[in-house]
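**Q**
Residue numbers (the UniProt record's numbering): 1 to 941.
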């Protein structure tokens, strides 16, 4: 194995057990599995479409198609060898040319605004006209077109292109299936791939026979062009571009010096895989001395629709370098686009191997080490090694990538098989015997079974083989270190939000009649009254349209569940559904945070188990979908790879959107998109040296994007962690307000204004409690005891505070008042602590002069809401008497306490923002409260 399996000293309940091969007996339903599958083959697949929002699992027949062979005739998926010439990449030393910075800026402008080549051609012509009129001698060689501009800069993307069979996806050299001479016939006219070369029936050995080229009429006659082009690019060249960037190697080393806590997960580096992965000699692969030369790569494969009004699917294969910090790792400029799989349809399951083969060849080479001729820090070159340590995809893509049977039939991580009802519909009900199947599948057995699948001579043999072993061959098994169980994670985005959240609302509540159309209208009205910060985004008015929740995206389902669901549905649901909702929302609140403790994973796992049990108890085993089973593996995935945000697919979905938005000719779209992405990569390498040219550096500021919000962070996770722990661990020592913080105050602001006298007195009291010294205002100074420290009334007042990507507003600026509601923790008189909601009135800086010198404090003035009359009302939405944590919203009075010393707090004491809604308690004489809904983006409170 290429990772050192840690002993399960943690004994976490969410870890699957490991057992000897002999004890791993596959579970059987009463009807043999092949018989059930045969019946499923004639199924219309309606149930399958419920499992995934993007694609369904209806084509179970394709689960069993593959290659077979004897040793001498073993079908392989090898791509033809392709020679790639050295590409003439641009270098930073040319940026000192008098006008080259203008050319680079225009190209960067095209990339930022995603403009067409035609538009940029016009722009170059216009710039040339203007500049030549200014100084003809100086600008006479200014590019006349986009082509000339790229040529001058050496921007030339050398793609590796293969011709592909439209039916079986077999790859050929482009030159072998095309001809520009009307009188010449290509080497291959039809596909020669044999799916069953050793079939006992001779007519089953026939080649695919699909035509490989089309005839194109030109003025010189009819020429031949491939029907499909599969473009990829040299991984070595892509890494060469990255390592030439200024700062890339330094960024890859940052993980070494990050602080760590064995009980806290903040990124992939805290996970078991990163810590235990080793090379062939058993030496830890990710070490400080190899921090920027040993790369950990996350692989993603997904299909997207590049055209709005056309059924055409293009597949993208991405590689993410995990060595980079989180705030850089998922930027489009740092994501490697390895290949684009041509449409219009997705390849059948085992046919994907043809497209994977050339990529796996390069990944094997990377595992053994590739030599880069030059890097930014080492002009003499560097040897780089890398390994795929994680595959994060949606369910159908994951099964294709790793050769597993449909998720409707069996789990790829444990021994759980689907059960079948009297209509032969699969489900994953049955948690009573969890100890008998919550056992990790044996990796070596999976690999051996996958290899044996290639030796099956007939379709029936393959079908039987897969029904017994649950796996077929995948080219990814050629990677000697690859673990197809632990390295293939359950994607949280598809599982929790596009899967379970949608399943609960659509299939349990709406389909089962728990929510009727009138309820949906009421829910929409309530949702419209909830005011959320601008960076969260309001839900579309689709709850009551069509069948309800029409077309919600993954992010909208996430927002609905975490922010809206409890407030707007609680009184519409019966007790069992409340328990389902409360457990699911609580688990999600824990799992979606950027800082997760290992102990909190235990609670999240237990909540998910309770949710699944409640669904099975209330709705029956038939409602236990594959996603409901897979979610019980999420906590182990988090222990392996850190918080869910480290490996979920949101960033890759954004990459799909980026690719789909690029201008193209709508003909051979995949090579066009790949060329654009590679040109942009070379351009990014050029602009990383912009500090060598003042004009370019300053002009690029014009194109600088706004700071990212949501999942991409401007500041490091360590900065967030230090700041957040100050506010969370108040029992261990409160902040003084002088500590640095990873952010800044924002306007509108007022400099050197005087605080009101009553607030100034509260400030003096705050300093007294903080420093245990006597502080007085200037008006009190003449009556103050000796040793009193005077405080001035002058402060710098601000309306907003930015921490990383999160903006905290205040009532000082009505535009940002929606972000002014916060939670903070206080120590009570009995030395216990509690969390209180409040509304920020303004932020301010204030300096005092202590005996040791001046100190500037960063403070907030907050009005705090009054508590509800009793504990029962405050935690009205909990599901068990003593289970306050299950209460995902709290009820508080909509009025403030009187102003007091606690109204002034260090900004470090702010836990998070919250969204407030309206909630009524009581039927005869209902009383209104505000519902406090925490926005737990950084850590769970």
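No residue lacks a Cβ here, since even glycine has one placed at the ideal position from N, Cα and C. On a predicted model such as this, the values are computed, not experimentally measured, just so you know.
Nearest to residue 1003 by CA position, among 566, 795 and 225, is which residue?
**A** Residue 1003 lies beyond the stretch modelled for the chain, which goes from 1 to 941, so this question has no answer here.
**Q** Could you check if residue 489 is buried or exposed, using at least 16 other CB atoms within 10 Å of its CB as the buried criterion?
**A** That one is buried.
**Q** According to DSSP, which residues form a beta bridge with residue 387?
**A** BP columns for residue 387 point to 296.
**Q** Does the beta carbon of residue 401 come closer than 8 Å to any beta carbon on chain C?
**A** Among the protein chains of the structure shown there is no chain C, as only one such chain exists.
**Q** Note down the Cα distance separating residue 641 from residue 627, rounded to an integer number of angstroms.
**A** 20 Å
**Q** Helix, strand or coil for residue 912 per DSSP?
**A** strand
**Q** Can you check which of these residues, 106, 167 and 102, is closest to residue 139 by C-alpha distance?
**A** 102
**Q** Say whether the segment 620 to 635 touches the segment 498 to 511, bearing in mind that this needs 3 or more beta-carbon pairs closer than 8 Å, one atom from each stretch.
**A** yes
**Q** According to DSSP, simplified to helix, strand and coil, what is residue 892?
**A** strand
**Q** Grab me the residues of residue 550's own chain with a C-beta within less than 8 Å of its C-beta, minus the 5 sequence neighbours each way, in chain order.
**A** 542
**Q** Is there contact here, the segment 673 to 687 with the segment 229 to 249, by at least three beta-carbon pairs under 8 Å?
**A** yes
**Q** Given this structure, state the Cα-to-Cα distance separating residue 454 from residue 286, to the nearest angstrom.
**A** The straight-line gap from Cα to Cα measures roughly 34 Å.
**Q** Would you kindly check if the distance between the Cβ of residue 919 and the Cβ of residue 567 is under 8 Å?
**A** In terms of Cβ geometry, residue 567 and residue 919 form a close pair [threshold 8 Å].
**Q** Which residues in the same chain have their Cβ closer than 8 Å to the Cβ of residue 863, if we skip the five residues on either side of it in sequence?
**A** 838, 839, 841, 896, 897, 899 and 903
**Q** Taking the continuous alpha helix (DSSP H) assigned at residue 778, which residues delimit it?
**A** It is not in any alpha helix (DSSP H) - residue 778 carries neither H nor E in the DSSP assignment.
**Q** In angstroms with no decimal places, state the Cα-to-Cα distance between residue 809 and residue 931.
**A** 19 Å
**Q** Buried or exposed: where does residue 858 fall if 16 or more other Cβ atoms within 10 Å of its Cβ makes it buried?
**A** Result: buried.
**Q** Looking only at its own chain, which residues have a Cβ that is under 8 Å from the Cβ of residue 487, when we skip the five neighbours before and after it?
**A** 273, 388, 389, 390 and 391
**Q** Anyone know if the C-beta pair for residue 171 and residue 230 falls short of 8 Å?
**A** yes
**Q** Indicate whether residue 873 and residue 891 have their beta-carbon atoms separated by less than 8 Å.
**A** Taking 8 Å as the Cβ cut-off, residue 873 and residue 891 qualify as a contacting pair.
**Q** If you check the beta carbons only, do residue 476 and residue 632 fall under 8 Å apart?
**A** no
**Q** Would residue 14 pass as a contact of residue 588 if the rule is Cβ separation under 8 Å?
**A** no
**Q** Give the straight-line distance between the Cα atoms of residue 337 and residue 753, rounded to the nearest whole angstrom.
**A** 54 Å
**Q** For residue 215, which of helix, strand or coil comes out of DSSP?
**A** strand
**Q** Quick one: using the 10 Å Cβ neighbour count with 16 as the cut-off for buried, is residue 596 buried or exposed?
**A** buried
**Q** For residue 303, which residues does DSSP report across the bridge?
**A** In DSSP, residue 303 forms a bridge with 315.
**Q** Counting pairs of beta carbons, one from the segment 792 to 799 and one from the segment 511 to 528, are three or more of them closer than 8 Å?
**A** no
**Q** Can you say whether residue 816 is buried or exposed, counting buried as having 16 or more other CB atoms within 10 angstroms of its CB?
**A** Buried is the call here.
**Q** With a cut-off of 8 Å on the beta carbons, I'd call residue 12 and residue 415 a contact; round off their distance for me.
**A** With 8 Å as the limit, residue 12 and residue 415 do not qualify as a contact, their Cβ atoms being about 19 Å apart.
**Q** Is DSSP giving residue 225 helix, strand or coil here?
**A** In the structure shown, residue 225 adopts extended strand secondary structure according to DSSP, grouped into three states.
**Q** Distance check for residue 372 and residue 244, CA to CA, integer angstroms please.
**A** If you draw a straight line from the Cα of residue 244 to the Cα of residue 372, it is about 10 Å long.
**Q** From residue 605 to residue 591, what does the alpha carbon distance come to, in whole angstroms?
**A** 10 Å
**Q** Could you give the distance in angstroms between the alpha-carbon of residue 332 and the alpha-carbon of residue 599?
**A** Straight-line Cα distance between these residues: approximately 34 Å.
**Q** Only counting the same chain, and skipping five residues up and downstream in sequence, which positions put a Cβ closer than 7 Å to that of residue 215?
**A** These residues qualify, in order along the chain: 222 and 224.
**Q** At which residues does the beta strand (DSSP E) containing residue 845 begin and terminate?
**A** 833 to 850
**Q** Tell whether a beta-carbon distance below 8 Å holds between residue 318 and residue 341.
**A** In this structure, residue 341 does not lie closer than 8 Å to residue 318 by Cβ.
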